[in-house]
Amino acid sequence: MNLEYTSSELMAVAGARELSDGQVVAVGLGLPIVATFLAKLTHAPNMTILFELGVIDPEPISTGVGLADPRVWHRAKVLSSFVDILGAVLHKGRVDVGFLGGLEADQYGNINTTLIGDPRGKFRHMIGSGGANDIASSARKTILIMRHEARKLKQAVSFITSPGYVGGGDSRMRAGLLGGPSRVITDKAIFGFDPTTKQMTLLSIHPSTTREDVLANMGFAPIVPERVPFTEPPTAEQLRLIREQIDPQRTYLG
Amino acid sequence: MNLEYTSSELMAVAGARELSDGQVVAVGLGLPIVATFLAKLTHAPNMTILFELGVIDPEPISTGVGLADPRVWHRAKVLSSFVDILGAVLHKGRVDVGFLGGLEADQYGNINTTLIGDPRGKFRHMIGSGGANDIASSARKTILIMRHEARKLKQAVSFITSPGYVGGGDSRMRAGLLGGPSRVITDKAIFGFDPTTKQMTLLSIHPSTTREDVLANMGFAPIVPERVPFTEPPTAEQLRLIREQIDPQRTYLG
Amino acid sequence: MNKLVTLADAVASIPSGSHVSLSGFAITRCNMAFAREVIRQEIKRLTISQCVGAMDVDLLVGAGAVERMIYGGGSLDRFGRLAWVNRGIEDGTLIAEEYSSLSIAFRYLAGSLGLPFIPIRSLAASDLMKRLQEQDASQIATITDPFTGDQWLALKPLLPNVSVVQVQVADEEGNAWILGPRWDNTEQVRASKRAIVIAEEIVSTEVIRREPERTVIPGLLVSHVVHLPFAAHPTSVYRAYDYDAEQIEAYVEAQNTRESFRAYLDRYVYGVKDHWEYLERVGGTKRLSALRADPILGY
Amino acid sequence: MNKLVTLADAVASIPSGSHVSLSGFAITRCNMAFAREVIRQEIKRLTISQCVGAMDVDLLVGAGAVERMIYGGGSLDRFGRLAWVNRGIEDGTLIAEEYSSLSIAFRYLAGSLGLPFIPIRSLAASDLMKRLQEQDASQIATITDPFTGDQWLALKPLLPNVSVVQVQVADEEGNAWILGPRWDNTEQVRASKRAIVIAEEIVSTEVIRREPERTVIPGLLVSHVVHLPFAAHPTSVYRAYDYDAEQIEAYVEAQNTRESFRAYLDRYVYGVKDHWEYLERVGGTKRLSALRADPILGY
């Protein structure tokens, strides 16, 4: 069976697949919300979902316009505070997966959502951290979803908002940080990280693209194993859930 | 007019007189509750009353059996937590008056509620601190209500549970503590503290007693000014409020 | 996920030697049925922590289940003293680390937020601090405020193995509401590795979702949920039932001697096979109905 | 004590140069009417803090009322960016101390509890930390855990002069309930010297006494209470009204140039004498009725 799907839908499905039942997941804005609720509605019904501002286990009516929208807090089991979610769950060390979107990332999974350009010269300021730095610092592992473009997957980011493996090797651990990035999911491929050097490593290529296309659109050379499989495509049921239930207004899947 | 009253009633009235309208008062068990609610019902209607376990501005049905009794939380405006009351109000520095009962006190207003006897030998263990140490450490000032006996007003207490002026002079300040005791109200007299040496100083003698009786029943010699007035007796209205409204079961005024 | 189990199963999850934080305060919301079951299961060498020592810990100490207490003082309010705790301290059979209410609450708070330590003004210049330093110098330190140079006391986070918390309302996942003041309970639960929730009422998660602002214990922290009406008897649960003055007085009377206490245990702990038999022994439905809280007053 | 005043009187209590913490998060519970009145009263040189920068601060920055921001990043969610904040940072006219949500929340928490500083794992190895250290080395320090010898970052408490908080329900003393998540609001209020409560509904203290567990802001921290329906418009207030998408889009459109923003201010801030005239200008009762929250859904 050949299904039509968008690259955003594939990213959401790939993200969902990285989550296991019973995990505690801190979710950032955008596609991570779609991916997380897809997992919850399929193979991970006992997952606990956290939004930084004080929300546990909502059943969103839609993805809303963002975390400030009561549509995404709908039917939550807990409505509390930053200190309760980012402090007593995340900083305490109880978050299994932090699920973030990114503007720019480098080969060690360091994320920039603060500024584009030269921080000491001309730059354009963006959204900043929110809870992203906190999640990237204290979650047991982090998954990043972002667009695959050479100007976004950079050798070095303009500004490290949320640290990945910092300068590679054991530099993250030496900075006193737990966990670290486990996956980067783009619209062309899925990456992991080398266990020793902590460099980004190609894990799978999306069906619609090629290895050359993946590598030509990156600002650095990831580790590429000899055999790289294709990413598993979405199922009809996953697409139906995304389109009819999770993001019917196609806010994030446009 | 000559009114009959008990020494406990006089102590409660004397305690109430030390409180001003608009103050934030952290109240311990026993007579302090009676004194504080008497002030609230008379000259200090805008006083804020705190109980350590998470209670603000209750209207007790009776004094109950203690702080664990819902009768004393009745009609509170806030029901929260230790951290909220002892942390965000007291430790933050917002408590004007801490109102405590004591088992033993020494000439510098150090309070013992932990043990009687020799802490390194034979002793009898009592109630310990609860919030008393916290209140004595962080309130702008502390008022103590206790029985007037030589074995309770001691040269040195067996154990400093809640510090007063520690060793006198500036030793409290040097320990990093705010405020300090302002009054000790017993069933025979009212004491203050010398502004420099921080020794207990006789301020007034209750109408039913004498200067000799006061001094004979203390384990140390307080500073005694040349002229010591008599303590002002309760009014008929104060007695009515205590007996009919605040402690009708005479739990504390027996 | 449905975490409902029997009290016996929840208690059996606690190995001897564990650090357990209890939710009681003097004579209210005490883990009494829990304590009775711990005694029946012969769990020993417990470390018990709570801000204000309560009837739950005194019963456990009296029955020999406790090795160490970390607490801020306590009593049975006007009913009496924590006689077994006091005696254990007096004769040296109980290791007691005595703090104040706020210093225990701050230790739980530090534990709940993953802080390495927490500065505090309390305890300074007191014999509480002196004795704590003598007992175990590794629990309290002094630290210099890096911004002002001032000296502060620093407390270590308190990290119980399990928190046992008596609540009015929970769902089967452990999402729970506490009515009335919460004293140190929410920090205890967050500081602990896991929590056991003992609830007077179990409601559908649909009810929890209706007022999620009230969920002070999130289910993700909870390992077991026990549905057990009158679990705090003879202590009170605000808006559920009042304390049973006669039964607390019987306990205080029993505290007098080893023998009278043994008789108390035989009658109310060892002599009943479970909580339901205990409730019959203290007077059954008739007595318990008399304790039921007035819906307006809450006690 | 009755603390009810007009918005104008509450705003007049804030001198230029004050540090004000705002209760908004992106496009919800923003202090919009407050910000408009601050601009009309020409209060200047404010320091504004909040965990997540929101529409309230962007309007204030655009109108030139803000000298310095202490915040953890922010946006107008899918509607757009904090364009004035961003531009101020880009051209150097705004001093911005940028943190993360938790590091701001912890700074408020330290302020609220009277802690001299608070340790945190966040910010380490990030350029946020590097830039903060360059900006003002006195705000962040490293500290050694006295128990383990580990190095930690220590943050200074955040101590605003006044906290302005948009709530659903308050009494005339300022005892207030917040429905929905509270993000950093309760720590902001406790860390601040005093608070101004802006309430959609004023209830009798009798109502507050009925469910005192819900009182997340105690009146003792509050200096002024303002009763002002739709005070957060065009942002939302959970269980009161939804965001006004058209009006937020009009704001985003106006962010494009100095001129278009001046026209926006003339129309919605300077061109109206008070909040009631503003509400008429954005469509009056007909428009506002359309935004009223569904009683079940809450938006």
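Protein chains in written order, with this note's numbering: chain A, 1 to 254; chain B, 255 to 508; chain C, 509 to 807; chain D, 808 to 1106. Cβ atoms here follow ideal geometry from the backbone N, Cα and C, with glycine treated the same way. Being a predicted model, the structure only gives us computed values, none of them experimental.
Secondary structure at C/R702: strand, using DSSP grouped into helix, strand and coil.
Between the C-alpha atoms of A/E149 and A/M218 there is a straight-line separation of about 6 Å. At a cut-off of 7 Å between beta-carbon atoms, D/E905 makes contact with chain A.
Taking a C-beta distance under 7 Å as the contact criterion, A/R71 and A/S62 qualify as a contact pair. Under the three-state reduction of DSSP, B/N366 is assigned to strand.
Spatial neighbours of D/N809 in its own chain (CB-CB distance under 6 Å, excluding positions within 5 residues in sequence) are listed in chain order as E979. For B/D350, the closest alpha carbon among the candidates B/Q277, B/P476, B/L469 is that of B/Q277. Residue burial is scored here from C-beta neighbours: C/S646 has fewer than 16 other C-beta atoms within 10 angstroms and is therefore classed as exposed. Counting only runs of at least 4 residues, the stretch 977–1035 of chain D fully encloses the following alpha helix (DSSP H) elements, listed from N- to C-terminal order: 992–998, 1012–1017. In the DSSP assignment, B/R437 forms a beta bridge with B/I397. Look at B/R378 here: in three-state DSSP terms it is strand.
The stretch 743–756 of chain C and the stretch 1008–1025 of chain D do not touch, with fewer than three beta-carbon pairs separated by less than 8 Å. Take A/Q249, set aside five residues on each side of it, and the residues of its chain with a beta-carbon closer than 7 Å to its own are S62, in chain order.
Contact between B/V288 and C/R586 does not hold, since the beta-carbon distance rounds to 14 Å and is not under 8 Å.
Annotation: the continuous alpha helix (DSSP H) that includes B/P324 extends over 324–327.
In terms of Cβ geometry, C/Y746 and C/G792 do not form a close pair [threshold 7 Å]. For the 7 Å CB-CB criterion, D/V859 and D/G879 form a contact. Interface criterion met: the Cβ of C/P654 is under 7 Å from a Cβ in chain D. In this structure, C/Y749 lies away from C/A678, with their beta-carbon atoms at least 7 Å apart.
Sequence-ordered contacts of the stretch 188–219 of chain A with chain D are nonexistent [C-beta pairs closer than 7 Å]. When Cβ-Cβ separations below 7 Å define contact, D/I1015 makes contact with chain B. Along the stretch 282–300 of chain B, the positions whose C-beta sits under 7 Å from a C-beta of chain D are N300, read in chain order. Note on A/E18: 16 or more other CB atoms within 10 angstroms of its CB, so buried under the neighbour-count rule. Contact check between the stretch 526–544 of chain C and the stretch 558–577 of chain C: three or more CB pairs, one atom from each, fall below 8 Å, which counts as touching. CA-CA distance, B/I310 to B/D338, rounds to 10 Å. Across the stretch 625–643 of chain C, CB contacts with chain D closer than 9 Å involve F625, I626, P627, I628, R629, in sequence order along the chain. When C-beta distances to chain A are compared with 7 Å, the residues of the stretch 966–1000 of chain D below that value are G987, P988, R989, W990, D991, T993, E994, in chain order. In the three-state reduction of the DSSP assignment, C/S611 falls in the helix class, which pools H, G and I.
Here the alpha carbons of C/V574 and C/W784 stand approximately 25 Å from one another. Residues of the same chain with a CB within less than 6 Å of the CB of A/Y108, apart from the 5 flanking positions on each side, are G164, Y165, G168, K198 in chain order. DSSP places C/Y751 in the coil class of the three-state scheme, outside both helix and strand. Non-local beta-carbon contacts of A/E59 in its own chain, meaning distances under 7 Å to residues more than five positions away in sequence, involve H74, R75 in chain order. As the crow flies, the alpha-carbon of D/I947 is around 5 Å from that of D/L962.
Around the C-beta of B/G269, 16 or more other C-beta atoms lie within 10 Å, and the residue is accordingly described as buried. Excluding sequence positions up to five before and after C/Y807, its CB lies within less than 7 Å of the CB of S744, Y746, D750, A801, all in the same chain and listed in chain order.
B/A298 is classed as buried because its beta carbon has at least 16 other beta carbons within 10 Å across all chains shown.
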